[in-house]
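*Asks:*
Numbering (the working numbering), first residue to last: 67 to 649.
Put into C-alpha cells, the structure is as follows:
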C-alpha cells in the first residue's frame, strides 16, 4: 500500500469531529486493506509504530525533526522554527515548507506504508556515537521522498502526536464494521450501523468479541490483524500473556458509603485505598516483570519487589494487581506517593534508592493463575486464590486490608480506620464481579474525603515575571474526550505550587518537566504537548463558555504530579459532566 493512501485517510479523519463519520471513514478504508497490512495500519492510525506496552520508543525530539527538514528542504532552521511558531504544529509547517522547498530530488521514489513503518521503527534501534546524525539522515530521506501531505503526517508520527482525533471506542467500532461489511459483502449506512451497535445484533456481537480480545491483549493491531486474516472465531484463542501488560481495572468515585453500597451491592468487599502507585506484576517461574498502569516496564527499578515476589508468591505463574506504598525506613510509617514516585524514572543507584525509599506491596487482585485467565472469575474467588498463594510479611508484602460487610456503621468505621492509618480512603467491590481491564465499571468504586480531585493534563502555560521570571506559571489544564481522542480545556491553576523544591512541587520542577513538550510560544504564552498529568483539587464545577470542555473549575489547586497516569487516563469529559449534574 502506498503511504499517500494512508495520508489521505488521516486527512479525512482529521477533517471531521463526528465520531460516526470517523467510524465509517476508517471502516471503509480497513475493509479494502490486505490482511498483511491491517496490523500496521491500526498501529499507525493510533500514531504508533510500536504497541504501547513495548519498551521500544521512537524518542525523536522536535529539534531533530527541524534539522531533518532543513536538510530535506534547504530552508534554514531559524526560518522553520519561525513558521512553526505561527502554526503551532510542526507537521503543518513541514507540509507548507515541502510545497515551496528549494531542493528538488529528481528521482525520489514514492513511499509505501511498509517503508515509512520500518524506517521509523528503525530509529529506536540506532544508538551510540554518531547516532543523532544517522537518525537525522534517516528522517530527511523519508521527508525528501514524501509529498507535502505525507510530510505532515510523517512528522506528526515521528513526534507521536498524530492529531486525527481517533478514540479507542471509535477504533474498535470501525474494526467491527469493516469485518462485518467484508463478511456480508455489502456496504452498511452508518446510521443503520449505529442502530445495530445499539441493540443485540451480529454487529454488536462482533464488537463485543473484539473488545474481549483487546482486554486480554491490549493490542488492537494484533486483534484486527488476526480478525481480518483468520476470522472472528479465532479471537477466542487470544489469551493473557504473563509478560505483556493489560490496562488495569479502574474505579468510579462515590460521595459516601450509601452511594457505594448502591453501586456495588450488599454485602460488599471493602478494602483500604493506598496512596502508592499501581503495579501489574507477571511471574512465570523465576522470571518477573513489573509494569505501571501507564504500561511502563519498571522491573529494573524495583529489584526489591522482584525479590519479594520470588520469595513470597507461592505459584509457578500469575499476574497480580497491587499497590506499592512507600514507607519511612526509620519510622516505618507510610509516606505520600510523591515521596517515592522518583523511583519510577530512576536509571542509576537503584539499589541505594530501594534502601532509602523502600516500598511495601499491597496485593488486591489476581488476573492470571497457573496458566489460566482469572478475569471472568468472581472477585471473592480471586481473593481466595491470593490468600492461598501470598506469604504475608509486614512492610514487605501483604494482602490489602479487607472487610466484607453489608452494615453501614461498620463500613464507616473501616473508612475512618483507613484514613487514620494514612491511606487515601477505601474501595468498595462487588463480590461476584469479574475483572474488567481498562474500564471504570460500576462494580468497583472508591470513597475519598469530600474535596473533589481530578487528574488533568497540562496543555498551556505562561512564562512568569519578576521573581518567577524563567519559570512557567499559570497552567491551563484539560480533560480527555474519549470519543474524539482530544484534550479539552477546563481551567487554569497557579496555586498549590511551591517556590522551593524541598517544600513540594515547585515552579522550577514543573518548568523542567514541561519544557521538552513546548510546541509553540507567543509572547509569554506557551502551548504544551499533552503529556504531563497533574491531580487538581477544586471546590466546584461550573458551566463556562471560556473553555473548550464547556466547564470550568472553581478555585483549582495543584495536589501533585501524577507520574503514574498516561494522558489518556486523565479524567474524562463524561466523568466531569456526571460530577456537574450531581453537585
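All C-beta atoms in this analysis are idealised placements derived from N, C-alpha and C, irrespective of residue type, glycine included. Small disclaimer: the values here were computed from a predicted structure and weren't measured.
(1) Pick helix, strand or coil for residue 635, following the three-state DSSP scheme.
(2) If you follow the beta strand (DSSP E) that residue 298 is part of, which residue opens it and which one closes it?
(3) Out of 540, 544, 453 and 140, which has the shortest C-alpha to C-alpha gap to residue 160?
(4) If the criterion is Cβ atoms closer than 7 Å, does the pair residue 275 and residue 298 meet it?
(5) So the candidates are 307, 241 and 472; which of them puts its Cα closest to the Cα of residue 336?
(6) Which runs of the alpha helix (DSSP H), 4 residues or longer, sit entirely within the region 381-453?
(7) Quick one, which of 362, 379 and 384 has its alpha-carbon nearest residue 411's?
(8) How many whole angstroms separate the CB atoms of residue 231 and residue 551, which I take to be in contact at a CB cut-off of 8 Å?
(9) Per DSSP, what kind of secondary structure is residue 156 in: helix, strand or coil?
(10) Is the distance from the Cβ of residue 342 to the Cβ of residue 312 below 7 Å?
(11) Classify residue 83 as buried or exposed, calling it buried when 16 or more other Cβ atoms lie within 10 Å of its own Cβ.
(12) Measure the C-alpha to C-alpha separation of residue 633 and residue 600 and round it to an integer number of angstroms.
(13) Does DSSP put residue 597 in a helix, in a strand, or in coil?
(14) Taking DSSP as the reference, what is the three-state secondary structure of residue 537?
(15) Per DSSP, what are the beta-bridge partners of residue 226 in this structure?
(16) What are the complete alpha helix (DSSP H) segments, minimum 4 residues, inside the region 443-527?
(17) Residue 371: which of 631, 386 and 382 sits nearest, CA to CA?
(18) When burial is assigned at 16 or more other CB atoms within 10 Å of the CB, is residue 428 buried or exposed?
(19) Less than 7 Å separating the beta-carbons of residue 175 and residue 211?
(20) Grab me the residues of residue 676's own chain with a C-beta within less than 7 Å of its C-beta, minus the 5 sequence neighbours each way, in chain order.
(21) Taking the alpha carbon of residue 164 as the point to measure from, which residue in 482, 215 and 130 has its own alpha carbon closest?
(22) So the candidates are 507, 584 and 178; which of them puts its Cα closest to the Cα of residue 73?
(23) Using the C-alpha atoms, what's the distance from residue 128 back to residue 225?
(24) So, for residue 169: in the same chain, excluding its five sequence neighbours on each side, which residues have a beta-carbon less than 6 Å away from its beta-carbon?
(25) Alpha carbon to alpha carbon, what distance is there between residue 97 and residue 622?
(26) DSSP beta-bridge partners for residue 586?
(27) Cα separation between residue 190 and residue 206?
(28) Going along the chain, which residues of its own chain have a beta-carbon closer than 8 Å to the beta-carbon of residue 130, five neighbours each way excluded?
(29) Given residue 422, which residues of its chain have a CB within under 8 Å of its CB, disregarding the five upstream and five downstream residues?
(30) Is residue 284 helix, strand or coil by DSSP?
(31) Suppose contacts are defined by Cβ-Cβ distances below 7 Å. Is residue 553 in contact with residue 523 by that definition?
(32) Taking the alpha-carbon positions, what's the residue 581 to residue 505 distance?
(33) Indicate whether the contact test is met: 3 or more Cβ pairs, each with one atom in the region 348-358 and one in the region 371-382, closer than 8 Å.
(34) Go ahead and pull the three-state DSSP assignment for residue 317.
(35) Within the continuous alpha helix (DSSP H) that includes residue 119, where are the two ends?
(36) Report the three-state DSSP secondary structure of residue 334 (helix, strand or coil).
*Replies:* Judging by the given coordinates:
(1) helix
(2) No beta strand (DSSP E) contains residue 298, which DSSP labels as neither H nor E.
(3) 140
(4) yes
(5) Comparing C-alpha distances from residue 336 to each of 307, 241 and 472 shows the shortest one belongs to 472.
(6) 403-406, 408-411 and 416-422
(7) Nearest of 362, 379 and 384 to residue 411, Cα basis: 362.
(8) 5 Å
(9) helix
(10) no
(11) Around the beta carbon of residue 83, a 10 Å sphere encloses fewer than 16 other beta carbons of the protein chains shown; the residue is thus reported as exposed.
(12) 10 Å
(13) coil
(14) coil
(15) Residue 226 is not bridged to any residue.
(16) As far as the region 443-527 is concerned, its whole alpha helix (DSSP H) runs of at least 4 residues are 445-455 and 474-486.
(17) 386
(18) buried
(19) yes
(20) Residue 676 is absent from the structure shown; the chain starts at 67 and stops at 649.
(21) 215
(22) 178
(23) 7 Å
(24) Confidence at residue 169 is low in this model, with a pLDDT of 49, below 50, so the placement of that residue should be treated as unreliable; the coordinate-derived value is given next. So the qualifying residues of the chain are 140.
(25) 46 Å
(26) 593
(27) 16 Å
(28) 198, 201, 202 and 205
(29) Taken in chain order, the residues that qualify are 395.
(30) coil
(31) yes
(32) 32 Å
(33) yes
(34) strand
(35) Note, residue 119: premise wrong, no alpha helix (DSSP H); not H, not E.
(36) strand
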